[in-house]
Amino acid sequence: MPLPLSPPLLPQLAKSAKALPTGGGWVYEPKWDGFRAIAFVDGETVHLQSRNGRPLTRYFPELRFPPGRYVLDGEIVLFGADGTQDFDALGQRIHPAETRIRMLAEQTPTRFIAFDLLAEDDEVLLELPQRERRARLETRVDKPVDLTPATEDPAEAEPWLQGAEGVIAKRQEARYCPGERVGMVKIKRVRTIDAVVMGWRPGKEEGTVGSLILGLYTDDGLHEVGHTSGFRAAEKRELPARLAQYETGRRGMGEPSRWANERELEWIELRPELVVEVMFDHTSNGRIRHGAKIARWREDKPPQECRIEQLDQ
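Reminder that position 285 of the sequence shown reads as 1239 in the numbering used here, one-by-one numbering, no gaps.
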């Protein structure tokens, strides 16, 4: 008999929040930095589906699941040698060549971290409250699948806002609603650093700034660590004139990307004299992975004091 749920099945999503919700009726889990995935397990047959419904199974041949008939919601995560989550290495697993996938599966194995049970045997569990689904998940999950930690105490969840990617808070009486942003909120870890403005990249509209290139100092000099964007329309038009006096006449080039061509990666170099305080929520391999947002310009901050060690704090 086939599973009572079949792909594609969109996962329930979370709304963004600025702080942990309190007042009772919530359970808190750490936010993982991987690929959201739904696992359909039917005996020896496993089908992994991405957040948007696409098949993922071929990219992660190393993942194994306890025998049974069930459907899990979870995250595929890759941990580096230092124990931190490595999203950049995880992204390398989406590759057309099977030989490369199998090589990486051996060199950089992933783990599946489960945080919800959607079906078990012939029973669909979507209408059950989150509290009951969690209880059944705890009895179902076994190695090599990992069970995500959970707590009803917001004080116990607070450290995940500092040492992890953030927190997912779930209403304990909520049903599971595929594809909807209900019953769950996400609170990302937000950090700030002071960074040197190394250059700027033109915007899509002529005469505007698209992003600022950010750098931090190491003992070997100034190194690019990411960019900041998200300017208001007026700022995009005003910044080229403000930055013109710092231009060196040279061009820089960003790291290669599968999503951008060389022209999109090119930026206009500036003398390292401007400092900005930026907000961001994640780093990976010494870089700000998501685009940062400017909190303020720091005319009072010497550029040489903008050190790479800030990313470790």
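Quick reminder that beta carbons are idealized off the backbone N, C-alpha and C, glycines included.
Check: Across which residues does DSSP place residue 1027 in a beta bridge pair?
Finding: 992 and 1070
Notebook entry, point to check: For residue 1064, which residues of its own chain have a beta-carbon under 8 angstroms away from its beta-carbon, when the five flanking residues on both sides are left out?
Noted result: 988, 1014, 1016, 1017, 1030, 1031, 1032, 1044 and 1047
Next item on the list: Per DSSP, which residues does residue 1101 bridge with? Please list them.
Entry: 1068
Note to self: residue 1100 and residue 1073 - do their beta-carbons sit closer together than 8 angstroms?
What the structure shows: no
Note to self: With H, G and I counted as helix, E and B as strand and the rest as coil, what does DSSP make of residue 904?
What the structure shows: Since the displayed the chain opens at 955 and closes at 1267, residue 904 lies outside it and no answer follows.
Note to self: I'd like to check one pair, residue 1227 with residue 1206: are the Cβ atoms closer than 8 angstroms?
What the structure shows: no
Next item on the list: Report buried or exposed for residue 1138, applying the criterion of at least 16 other Cβ atoms within 10 angstroms of its Cβ.
Entry: buried
Checklist line | Range of the contiguous beta strand (DSSP E) that encloses residue 1055 | finding: Element bounds for residue 1055: not the beta strand (DSSP E) but the alpha helix (DSSP H), 1052-1061.
Notebook entry, point to check: Out of curiosity, what's the CA-to-CA distance linking residue 1255 and residue 1163?
Noted result: 23 angstroms
Next item on the list: State the Cα-Cα distance for the pair residue 1103 and residue 1121, rounded to the nearest angstrom.
Entry: 11 angstroms
Check: Would you call residue 1057 buried or exposed, if buried means 16 or more other Cβ atoms sit within 10 Å of its Cβ?
Finding: exposed
Item checked: Reduced DSSP secondary structure (H/G/I, E/B, other) of residue 1265 -> helix
Next item on the list: Return the residue from the list 1132, 1001, 1050 and 1260 that minimises the CA-CA distance to residue 968.
Entry: 1132
Margin query: Whole angstroms are fine: how far does the CA of residue 1193 sit from the CA of residue 1249?
Written below: 16 angstroms
Check: Roughly how many angstroms lie between the CA atoms of residue 1152 and residue 1241, to the nearest whole one?
Finding: 14 angstroms
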